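Trainee:
There are 4 protein chains.
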Amino acid sequence: DKPFVLFGGMNVLESRDLALTIAEQYKEVTTKLNIPYVFKASFDKANRSSVHSFRGPGMDEGLKIFEEIKQQFDVPVITDVHEPHQAAPVAEVADVIQLPAFLARQTDLVVAMAKTNAVINVKKPQFLAAHEMRHIINKFLEAGNDKIILCERGSCFGYNNLIVDMLGMDEMKPMAPVIFDATHALQRPGGRSDSADGRRAQAAQLARSGMALGLAGLFIESHPDPDNAKCDGPCALPLDKLEAYLLQMKQLDELVKGFEPLITA
Amino acid sequence: DKPFVLFGGMNVLESRDLALTIAEQYKEVTTKLNIPYVFKASFDKANRSSVHSFRGPGMDEGLKIFEEIKQQFDVPVITDVHEPHQAAPVAEVADVIQLPAFLARQTDLVVAMAKTNAVINVKKPQFLAAHEMRHIINKFLEAGNDKIILCERGSCFGYNNLIVDMLGMDEMKPMAPVIFDATHALQRPGGRSDSADGRRAQAAQLARSGMALGLAGLFIESHPDPDNAKCDGPCALPLDKLEAYLLQMKQLDELVKGFEPLITA
Amino acid sequence: DKPFVLFGGMNVLESRDLALTIAEQYKEVTTKLNIPYVFKASFDKANRSSVHSFRGPGMDEGLKIFEEIKQQFDVPVITDVHEPHQAAPVAEVADVIQLPAFLARQTDLVVAMAKTNAVINVKKPQFLAAHEMRHIINKFLEAGNDKIILCERGSCFGYNNLIVDMLGMDEMKPMAPVIFDATHALQRPGGRSDSADGRRAQAAQLARSGMALGLAGLFIESHPDPDNAKCDGPCALPLDKLEAYLLQMKQLDELVKGFEPLITA
Amino acid sequence: DKPFVLFGGMNVLESRDLALTIAEQYKEVTTKLNIPYVFKASFDKANRSSVHSFRGPGMDEGLKIFEEIKQQFDVPVITDVHEPHQAAPVAEVADVIQLPAFLARQTDLVVAMAKTNAVINVKKPQFLAAHEMRHIINKFLEAGNDKIILCERGSCFGYNNLIVDMLGMDEMKPMAPVIFDATHALQRPGGRSDSADGRRAQAAQLARSGMALGLAGLFIESHPDPDNAKCDGPCALPLDKLEAYLLQMKQLDELVKGFEPLITA
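First to last, the protein sequences are chains D, S, W and V.
Following this note's numbering from start to finish, the first sequence increments by one per residue and tops out at 265.
Following this note's numbering from start to finish, the second sequence increments by one per residue and tops out at 1265.
Following this note's numbering from start to finish, the third sequence increments by one per residue and tops out at 2265.
Following this note's numbering from start to finish, the fourth sequence increments by one per residue and tops out at 3265.
Written out as structure tokens, the structure reads:
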């Protein structure tokens, strides 16, 4: 568990070229910092606020890009699926498949994903308590897959705001490896007229708060030009800050994982 | 808009016989009280807490039961769909098709439902503000369907609790006809070890609070034996209280819809 | 309990003349509608957002105005106290003394108020659950006063927003008579640069939702010119709408209190 | 700002002897770790859940204990005041005086505290957003005191639960030095039949999350036997874990304050 694993990349596959550029940058930085790395991108944004929002290249083209990235940079890949029929073909390419937060209770999707035998990244829904994640884990176990990762991305706090419950995230650690999605947790849902707003300026602070818990992993999305990203730019880490950001997280992770156990109960 | 329409029935189609019993009771009471009535039941509970939870008879068998109910009682039917491919076949039988709260932002499902040209009942997600429902309506409009109903069923309030924002429900009235799901709003999500708990004893009180706003409709689920219902019994109105309950709601609805307009801005 | 009692008046005693004008209007309307009436105003707004905000005439001058109003209109009076030493002198004039929400757990203030033997109106803090009100009632009981009224005025919902938990308000009914403060519950705390904002346009809707529960009382603040009120104008009912508003509430109250008991547990 | 200052001690002054024991332990550990230290205790718990709860020795006796501690251990002292008349006498002994969260908007108390010219520790109310703290700071400035510290202790999250909004805490840093009250933030308000419960077992984790932001200070309460503490034992750090706990916090603080500035806006 030392150091953390990084699930990092971009929000949606805006283009093959941009995906390669971003993957290259992550690969270079994580190699330098010696951080285990998995490339993340979405081939389809299936729940954008508006029907006009950019959705991505779709599954078939997306999988081709993932294959190219895997081959060129020798990295595993994580991506999200939205319907049961996508699970098997996606898991042929992706090493980790992700269950989206809003869909985390859809039994058919859970079962289809479990059957691929891939590692599963479960995004914790914004409307569930930590202890309720046990139900979702149990669904995967019943369907024969115990390779579960739990991913925190914030909880609803009133309208149009998320809050990260650090005690809740800590509470999930005995259930499964916990990954902190430190950029989506910056969202202000519904904060713009047709999309979510975000608190990009506080990206490092929130990530530090989470990583201070001593977590299995960190999940982030970056963009070379966040103001012009096609999705979730207000939350994206500027790509040129990646190395400085990860260096902080690695030092923090090493420090807290080196602490002696401290029982205060 | 006077009186309100009732979307009423049962949670999941436990059996054909029980569905017929319940539909008969609703039909009789709503005829007596002169309340426009639509029979509601689900053929599949696709997002239960546990993989062992009862899910229902499935789409094919469910549609047969709906056809029998429509024919026998001469009532329209509403049911929910969970995947895009279900929209068309379900809309051939159901008069109103329902978009589940957790799925309300899945663009493909929205578009598939819109294309059926059926009336759409959109369950308001527990994590959205009233003003954000405009985005979902716009998706339907873009896809060519303007027959939208918005259905309030409570908002996340901390963990394992829902609250109905009466001002928010009122705020949606200029957007579309608003229906109050007054039994699901009684839920305490995650309140039992493997399912939601509920506040059945307060069923009439919560419904009265909502109906006092002067709404287009009321949505309820009943059961002849709530303690042994296969899903959401803790929120189900006991079937033998249906008439007394609806009589209250009708009187309340008539009173508030008869009030003179009162501008306090 | 039929009809409800009205605690109505103005936010802060802006002037003797305005207080008399407002009291006269309330007296006239409540006499006409046959609603038991208690005049409400504050002599000091002790917790405004800004030190420059208008606070009122203070205790001594305020009590003189209350005496004049009591004499001239033959009405009881309710006002709030903020420090233990104010309880006794205020209770010599006021018939009901009010414990402010933010101060509801200050033991010394509770005990000083209890000892006056006045009727006590406890504003429910925005940060407490219904079941926690039992602790505050118990403090009063221990101090020898059981004449307690509980007053709902909304719960914190994220930042800068209040929500009225109708099920929670209903849950308090077995503990004590419950009064709904239907204008403060319209607040958006911190919604203006230096004060709270409010949803005055929805004043009647929110009040109707609450009164549909069948409550012991209603608490409102009015102003002849809300846009120029010195405190909480964004929540104040325009004084010229008082009669139309109360007529609605009375009809609603009569209807729901006439309902047969309906047990749905 | 390196290292952080520690406001540490006990909840309520249970006895002179226990206060001396605790102060000695803090003094010894903070000297060893070279952490600037201020002794904290309350002479009166003025807002306990029950009238039977232990309140403390009162102001006069409390101030004597503080004087003895100051003299014997050569440490400054912080304590909280609840009524305006307490501000001046308390500030003659205490170096920092604290404005309680529930009272943070009481103008008379703010002004009385400001006039003492003491350093002020403002507990952030559980019902305010970070940006609203500006109003409270402004009240102190208007009253002539700019020596303000802001102290985070969690925000209401539904009923009977607190959550620490790390982004909100970070947002307050440009306004004033920010101190994290990392033990009260463990509370589950109303979580026991007659008092608050707490998550003592997670004391170090929550503190680490907060201190990872790079804060001016840390505020904690300890007890040699938390299960038998007279107030807030469920949140108290066991006294024998103080050194190990502070060593973690100091290392973390040094690390994050040594990071290069990282602009991600």
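Just so you know, even glycine gets a beta-carbon here, dropped at the ideal spot from N, CA and C.
All of these numbers come straight from a predicted model, not from anything done at the bench.
So if I threshold CB-CB distances at 9 angstroms, which residues from the segment 156–177 of chain D count as touching chain W?
Mentor: Cys156, Phe157, Gly158, Tyr159, Asn160, Asn161 and Ile163
Trainee: Label Pro1036/S either buried or exposed according to how many other C-beta atoms from any shown protein chain fall within 10 Å of its C-beta, with 16 as the threshold for buried.
Mentor: By the Cβ neighbour-count rule, Pro1036/S is exposed, with fewer than 16 other Cβ atoms within 10 Å of its own.
Trainee: Name, in chain order, the residues that DSSP records as bridge partners for Asn2160/W.
Mentor: Bridge partners of Asn2160/W: none, in fact.
Trainee: Counting only runs of 3+ residues fully inside the segment 2184–2216 of chain W, write out the beta strand (DSSP E) ranges in chain order.
Mentor: none
Trainee: With respect to the beta strand (DSSP E) encompassing Gln3098/V, which residues constitute its N-terminal and C-terminal limits?
Mentor: Val3096 to Leu3099
Trainee: So Val1093/S and Phe1066/S are supposed to be a Cβ contact under 8 angstroms. How far apart are they, rounded?
Mentor: The C-beta distance from Val1093/S to Phe1066/S rounds to 5 angstroms, short enough to meet the 8 angstroms contact threshold.
Trainee: Give me the chain S residues within the contact set of Pro2003/W, using Cβ-Cβ distance strictly less than 9 angstroms, ordered along the chain.
Mentor: Neighbours of Pro2003/W on chain S: none; closest Cβ ~15 angstroms, over 9 angstroms.
Trainee: Measuring straight from C-alpha to C-alpha, what distance separates Ile1137/S and Asp232/D?
Mentor: 22 angstroms
Trainee: How many angstroms separate the CA atom of Pro1003/S from the CA atom of Lys123/D?
Mentor: 43 angstroms
Trainee: Considering only residues of the same chain and omitting the five flanking positions on each side of Val3256/V, which have a CB-CB separation below 7 angstroms?
Mentor: Excluding residues within five positions, the ones whose Cβ falls inside 7 angstroms are Ala3212 and Gly3214.
Trainee: What residue range is occupied by the uninterrupted beta strand (DSSP E) comprising Thr2079/W?
Mentor: Val2077 to Asp2080
Trainee: List, in chain order, every chain D residue whose beta-carbon is nearer than 9 angstroms to that of Ala3196/V.
Mentor: The premise fails here: Ala3196/V is roughly 15 angstroms from chain D at the closest Cβ pair, so nothing lies under 9 angstroms.
Trainee: Among residues of its own chain, excluding the 5 on either side of Asp80/D, which ones have a beta-carbon nearer than 6 angstroms to its beta-carbon?
Mentor: Ser42, Gln98 and Pro100
Trainee: List the residues of chain A whose Cβ lies closer than 8 angstroms to the Cβ of Lys2139/W, in chain order.
Mentor: Structure shown: chain A not included; protein chains present are D, S, W and V.
Trainee: Check each candidate in Ala196/D, His52/D and Leu150/D and name the one with the smallest Cα separation from Met175/D.
Mentor: Leu150/D
Trainee: Helix or strand or just coil, what does DSSP make of Asn1121/S?
Mentor: For Asn1121/S, the secondary structure class from DSSP, reduced to helix, strand or coil, is strand.
Trainee: Can you tell me the Cβ-Cβ gap for Cys3156/V and Gln3187/V, rounded? I've got them flagged as a contact below 8 angstroms.
Mentor: About 11 angstroms; that fails the 8 angstroms criterion.
Trainee: Rounded to whole angstroms, what's the CA-CA distance from Val1178/S to Leu1237/S? Just pull it up for me.
Mentor: 21 angstroms
Trainee: Which same chain residues end up closer than 6 angstroms to Asn1011/S when comparing Cβ atoms and leaving out the 5 residues on each side of it in sequence?
Mentor: Glu1221, Cys1231 and Asp1232
Trainee: For Pro1089/S and Thr30/D, I'd like the C-alpha separation in whole angstroms.
Mentor: 50 angstroms
Trainee: Are there 16 or more other CB atoms within 10 angstroms of the CB of Glu2014/W, so buried, or fewer, so exposed?
Mentor: buried
Trainee: Pull up the distance between the alpha-carbon of Met133/D and that of His184/D, whole angstroms please.
Mentor: 19 angstroms
Trainee: If I measure Cβ to Cβ from Gln2086/W and keep anything under 7 angstroms in the same chain, skipping five residues before and after, which residues do I get?
Mentor: Met2059
Trainee: Can you tell which of Glu2260/W, Ile2163/W, Arg2192/W and Ile2078/W has the C-alpha that lies nearest to the C-alpha of Leu2007/W?
Mentor: The sequence given here has Phe at residue 2007/W, not Leu. Of the listed residues, the one whose Cα sits closest to Phe2007/W is Ile2078/W.
Trainee: Check the DSSP bridge columns for Glu152/D and list the partner residues they point to.
Mentor: Phe180/D
Trainee: Who are the Cβ neighbours of Ala2129/W in its own chain at under 8 angstroms, not counting the five residues just before and after it?
Mentor: Gly2168
Trainee: If you pair each beta-carbon of the segment 3019–3030 of chain V with each one of the segment 2238–2253 of chain W, do three or more pairs fall below 8 angstroms?
Mentor: no
Trainee: I want to verify the contact list: residues of chain D whose CB lies under 7 angstroms from the CB of Arg1105/S, in sequence order.
Mentor: Asn47 and Phe102
Trainee: Does Pro1189/S come within less than 9 angstroms of chain W when only Cβ atoms are used?
Mentor: no
Trainee: Got a sec: is the Cβ-Cβ distance from Ala229/D to anything in chain V below 9 angstroms?
Mentor: no
Trainee: Are Val1051/S and Thr107/D closer than 9 angstroms when you measure CB to CB?
Mentor: Taking 9 angstroms as the Cβ cut-off, Val1051/S and Thr107/D qualify as a contacting pair.
Trainee: Is the beta carbon of Asn2145/W less than 9 angstroms from the beta carbon of Met2113/W?
Mentor: yes
Trainee: Of all Cβ atoms in chain W, is any one closer than 9 angstroms to the Cβ of Arg3200/V?
Mentor: no
Trainee: Spatial neighbours of Lys3139/V within its chain, please: C-beta separation below 6 angstroms, excluding the five flanking residues on both sides.
Mentor: Closer than 6 angstroms at the Cβ level, and outside the excluded window around Lys3139/V, lie Val3110.
Trainee: Based on Cα-Cα distance, which residue from Glu243/D, Glu171/D and Lys40/D lies nearest to Ala3201/V?
Mentor: Glu171/D
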